[in-house]
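The next block holds one structure in the form of structure tokens; read it before the comments.
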Amino acid sequence: PPPQENDDMNTNVLVALLCATNVCTFVRAVVFSRSSRRRWKEKAEVALKEKTTHLEDRYKAERRAVIRLQHQLRKKVLTLDAMSSTSTQTTSPQQFGPAIARAQSCFSRRAGTPRQGGALVRSARCVLHFDLEFVPKRSLEGLDEYSHAWVIYVFHANTNACGTKNGGAVKALVSVPRLNGEKRGCLSTRTPHRPRPVGLSVGKIISVDWERGEVTLGGIDLVDGTPVLDIKPYVPWCDSVTEATAPKWVTRAIEGEEGEPLAIREVKFAAPEDWTREKVRKAYMERFEIDSKKGGKKQRPLYENADDFVAFVMDTLRLDVRGTRERTEKAEERKLDTYRVTLCHVEVAYVIGKEGDGVVTIVDAVAVEPSDIPGNADLDRPAITRDDNDKYFKNNNNKT
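So the sequence shown is numbered by our numbering: it starts at 121 and just counts up by one.
Laid out in structure tokens, this is it:
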């Protein structure tokens, strides 16, 4: 070709190469920019998660510290009341004189204990150990002729005994679980947080051993270690009021109506079901062996058969024992999705479906040591986290 055409061709080639180079440079810049933004975003997400975890841990630590201090202050107040020469006139809300008995209950912690005795958890077991130096043996003679008994006791596991502005009393209004947190006057409910923290529950008399000073009750909602002030026989002709009425939100659970906020549709074991059920049985048998070998005044296990204990666990979880906030919040806004109850010193972990389907799935169980303060949570034990729940659902989805 002529020289002019060669020059034009070379110029076009150079321009094309330059354009290609610029395009490649631009593409690399775009890719690098997107990669940089992605790395920055990942780092920001990691930093945010670490900060959130730090704040959650700090909140939990502060909460445990406050509760621990309340326990210690309560013990000091009760000790000073006992040493005072005018202890019968004390203003302490938990000073009612010496207890006549202590409860050995299947409910090892107040968290998870039913909100009422009687028919809610019929398989619950409790043994009242009477102080035979204070209560003569034959005081219990004849009690076995009745089918049920009233028990009057102190809500010893309350954490607000010395923590409120008015010297350990309570707020006038309390959140009612069956009303999803609506307020009612504390004296119009069965809340344990009362001006005088005294409880009244009815239980079925299973056995009376007045030689040993023991009364075994079924279906009662006492927490382990509860100080008992009195026990009275239930007399049907005067204790049962046939024309008595109560608000609709109280009675709908017994009448089987829809809208009961604490209702659980199904309680099951995580797959493989036989393996999970066996884990619960083994955890109880481990505690059974430990309790049976204790010397001195050993406390006999409440269930002689591990299968009976498993049935009791399922009965307990048939009503939602979580707090109002955890029940009513959206799944992604709950503090926890994996929960635990401690029954007969066996910690049972369970989850509730993320879609609020009313299905409780038992996922784990482990034997634990009794708390230093019976009925109170062991504050040094780490809480089960949301990650544990996510692992369960991930594994469960993979299996299905």
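By construction, the Cβ of each residue, glycine as well, lies at the ideal position given by its N, Cα and C atoms.
Counting the other CB atoms within 10 Å of its CB gives L437 a total of 16 or more, which places it among the buried residues. Taken in chain order, the unbroken stretches of alpha helix (DSSP H) that lie wholly in the stretch 392-464 and span 4 residues or more are 393-412, 426-436 and 444-448. Annotation: V241 to Y266 spans about 20 Å, alpha carbon to alpha carbon. Across the structure, V400 and R188 are spaced so that their CA atoms are roughly 30 Å apart. In this structure, the CA atom of L299 is about 13 Å from the CA atom of A383. As for any beta strand (DSSP E) of minimum length 3 sitting wholly inside the stretch 287-362, the runs are 293-295, 303-305, 318-329, 334-338 and 347-353, ordered along the chain. With respect to the 8 Å criterion, L263 and V328 are classified as neighbours on the basis of their beta carbons. Under the 8 Å Cβ criterion, the stretch 436-455 does not count as touching the stretch 352-361, having fewer than three qualifying pairs.
Linking R310 to A244 through their CA atoms gives a straight-line distance of about 19 Å. Cα atoms of I340 and V166: separation of roughly 48 Å, rounded to the nearest angstrom. When secondary structure is reduced to three states using DSSP, D251 falls in the coil class, being assigned neither helix nor strand. If the five residues before and after R407 are omitted, its C-beta is found closer than 7 Å to the C-beta atoms of C464, H465, V466 and A487, all from its own chain and listed in chain order. Residue N278 holds the alpha-carbon nearest to the alpha-carbon of R230 among R184, N278, A223 and L248. Counted as a single uninterrupted DSSP element, the beta strand (DSSP E) harbouring R222 occupies residues A221 to S225.
Of the residues assessed, C139 falls on the exposed side of the cut-off, its CB having fewer than 16 other CB atoms within 10 angstroms. For T173, no pairing in a beta bridge is given by DSSP.
Remark: C-beta atoms of H249 and A221 approach each other more closely than 8 Å. Take the alpha-carbon of C358 and the one of W270: they are about 13 Å apart.
Distance from the CA of D394 to the CA of V430, rounded to the nearest whole angstrom, comes to 12 Å. Nearest in C-alpha terms to P367, of all of R332, A391 and V296, is V296. In this structure, DSSP gives Y179 a helical state, which the three-state scheme calls helix. Our two residues, V343 and S321, have alpha carbons roughly 12 Å apart in a direct line.
For R242, the secondary structure class from DSSP, reduced to helix, strand or coil, is coil. If you draw a straight line from the Cα of I272 to the Cα of K257, it comes to about 19 Å. Of the residues V255, V480 and R314, the one whose Cα lies closest to the Cα of P218 is V255. V335 is positioned such that its CB atom lies no closer than 8 Å to that of H313. When only Cα atoms are considered, Q224 and W330 end up about 16 Å apart. Comparing alpha carbon positions, the residue from P490, S491, E489 and R460 closest to V480 is R460. Our two residues, T462 and T365, have alpha carbons roughly 34 Å apart in a direct line.
The secondary-structure analysis by DSSP pairs E467 across a beta bridge with T462 and V486. For K388, the enclosing beta strand (DSSP E) covers residues E386 to F389.
When only Cα atoms are considered, D440 and I482 end up about 13 Å apart.
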